[in-house]
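*Asks:* In terms of my numbering, the sequence shown has 134 at position 109, counting the first letter as 1, and numbering is strictly consecutive.
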Amino acid sequence: MGLLDKLTGTRRPAEGVSPVPGEELRAALLGLDRPEVPYTVRYGGGEQCDLVAEWRLTEPAWQQVFVQSQISHAVRIRMRLDHKEHEVRAVEEQWELSRVGTPTRLEATSEYSRGPSRTVSRQWTFGRGADGGIEATETFRFDSAQMRVPLRDTVLQSGWTWRGVVFGKL
Numbered sequence: 026m027g028l029l030d031k032l033t034g035t036r037r038p039a040e041g042v043s044p045v046p047g048e049e050l051r052a053a054l055l056g057l058d059r060p061e062v063p064y065t066v067r068y069g070g071g072e073q074c075d076l077v078a079e080w081r082l083t084e085p086a087w088q089q090v091f092v093q094s095q096i097s098h099a100v101r102i103r104m105r106l107d108h109k110e111h112e113v114r115a116v117e118e119q120w121e122l123s124r125v126g127t128p129t130r131l132e133a134t135s136e137y138s139r140g141p142s143r144t145v146s147r148q149w150t151f152g153r154g155a156d157g158g159i160e161a162t163e164t165f166r167f168d169s170a171q172m173r174v175p176l177r178d179t180v181l182q183s184g185w186t187w188r189g190v191v192f193g194k195l
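#1: Assuming arginine 67 is part of the beta strand (DSSP E), what are its boundary residues?
#2: From the DSSP output, in three-state form, read off glycine 47 for me.
#3: Under 7 Å Cβ to Cβ from glutamate 112, same chain only, skipping five residues before and after it: list those, please.
#4: Nearest CA to the CA of methionine 172: which residue from Val66, Ala155, Thr150?
#5: Hey, how far is the Cα of proline 141 from the Cα of aspartate 178?
#6: Give the range of the alpha helix (DSSP H) segment to which arginine 188 is assigned.
#7: Go ahead and label serine 43 buried or exposed: buried means 16 or more other beta carbons lie within 10 angstroms of its beta carbon, across all protein chains shown.
#8: Between serine 183 and glutamine 119, what straight-line distance do the alpha-carbon atoms span, to the nearest angstrom?
#9: Tell me which residue opens and which closes the alpha helix (DSSP H) that valine 180 is part of.
#10: If I follow the unbroken alpha helix (DSSP H) through leucine 32, where does it start and stop?
#11: Could you check which residue in Asp30, Ile102, Gly152 has the C-alpha nearest to that of cysteine 74?
#12: Three-state secondary structure (DSSP) at alanine 52?
#13: Quick one: what does DSSP say aspartate 107 is sitting in, helix, strand or coil?
#14: Give me the Cα-Cα distance between aspartate 107 and valine 180, rounded to the nearest whole angstrom.
#15: Which residue from Arg114, Pro63, Asp30, Glu61 puts its Cα closest to that of arginine 51?
#16: Going by beta carbon distance, what residues of the same chain come within less than 7 Å of leucine 54, once the five residues before and after it are set aside?
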C-alpha cells in the first residue's frame, strides 16, 4: 500500500479472492440497508454515481437519535462501480450540521469537506458504582466508521478494490 492509498483510504482484497460480478456486488451493498442501521444505501441515480450511502438524518425513526447524539457532521459516501477494473470508487463527503427550530432538527450548513474522515460522538452518564466510587457509563456512541467499514468490507470480501477518491471525478 502506497502513501497515496493510505491517505485516500484505498484497500485491496485479500490475495486469491476472485471478484464477483458487478450486479452481485451491487446487491450485496444494497443488502446492507436495513431498518436497524443508522444509514441507508440506495441507488445513486441523478447524483453522478451508482450507489449512495448516507445517514438517516431525515427519517422520523432516526431523527431524534441524531439530534440527541450531538453529532456535528453529516456523512455521505457516493460510489461508482468500475466493472473493468473491479473496483469501487468512493467519495466520502461531510457537511457540518447545526440544530435549528422547535422541536429541534438538524440542518446542513454550507461547510463542506471531501475525503475520508472520522466523526465520533459519545454521551456518558456519571453515577455511583457498586463500590461507592464515581463511575462513568457510556450511554450513546455514534461513529462514522459504522457506515464506511461495512461498505468497504463488503467490497473487499467480494474481491473488488475499495478506492478512495479525494481529488478529481468519481
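A virtual CB, placed ideally from N, CA and C, is assigned to each residue, including glycine.
The model shown is predicted, which means the values in this text are computed figures rather than measured ones.
*Replies:* Quick answer:
#1: Counting from 1 along the sequence shown, the entry for residue 67 is found at position 42. Residues 64 to 68.
#2: Residue numbering aside, residue 47 sits at position 22 when the sequence shown is read from its first letter. It is helical.
#3: By one-based count along the sequence shown, residue 112 stands at place 87. Excluding sequence neighbours, glutamate 112 sits near Trp185, Thr186, Arg188.
#4: Position 147 of the sequence shown, counting from 1, holds the residue named residue 172. That would be Val66, whose Cα lies nearest to the Cα of methionine 172.
#5: For the purposes of this step, residue 141 is taken as the residue at position 116 of the sequence shown. For the purposes of this step, residue 178 is taken as the residue at position 153 of the sequence shown. Their Cα atoms are separated by approximately 15 Å.
#6: The residue given as residue 188 occupies position 163 in the sequence shown. No alpha helix (DSSP H) contains arginine 188, which is instead part of the beta strand (DSSP E) from 186 to 189.
#7: Indexing the sequence shown from 1 puts residue 43 at position 18. With fewer than 16 other Cβ atoms within 10 Å, it is exposed.
#8: Residue 183 sits at position 158 when you count from the first residue of the sequence shown. Residue 119 sits at position 94 when you count from the first residue of the sequence shown. Computed Cα separation, rounded: 27 Å.
#9: Taking the sequence shown and counting its residues from 1, the one referred to as residue 180 is at position 155. That run of the alpha helix (DSSP H) goes 170 to 182.
#10: As a first step, residue 32 is located in the sequence shown; it is residue number 7 there, counting from the start. It spans 28 to 33 - the alpha helix (DSSP H) in which leucine 32 sits, taken as one unbroken run.
#11: As a position in the sequence shown, residue 74 is number 49, starting the count at 1. Here the closest residue by C-alpha is Ile102.
#12: Position 27 of the sequence shown, counted from the start, is the residue given in the question as residue 52. Looking at alanine 52 - three-state DSSP - the assignment turns out to be helix.
#13: Counting from 1 along the sequence shown, the entry for residue 107 is found at position 82. Strand.
#14: Indexing the sequence shown from 1 puts residue 107 at position 82. Indexing the sequence shown from 1 puts residue 180 at position 155. Whole-angstrom Cα-Cα distance: 12 Å.
#15: If you number the sequence shown from 1, residue 51 lands on position 26. For the residues Arg114, Pro63, Asp30, Glu61, the minimum Cα distance to arginine 51 belongs to Arg114.
#16: Here residue 54 corresponds to residue number 29 of the sequence shown, with the count starting at 1. Within its own chain, the residues whose Cβ lies closer than 7 Å to the Cβ of leucine 54, once the five positions on either side in sequence are excluded, are Val66, Leu76, Leu176, Thr179, listed in chain order.
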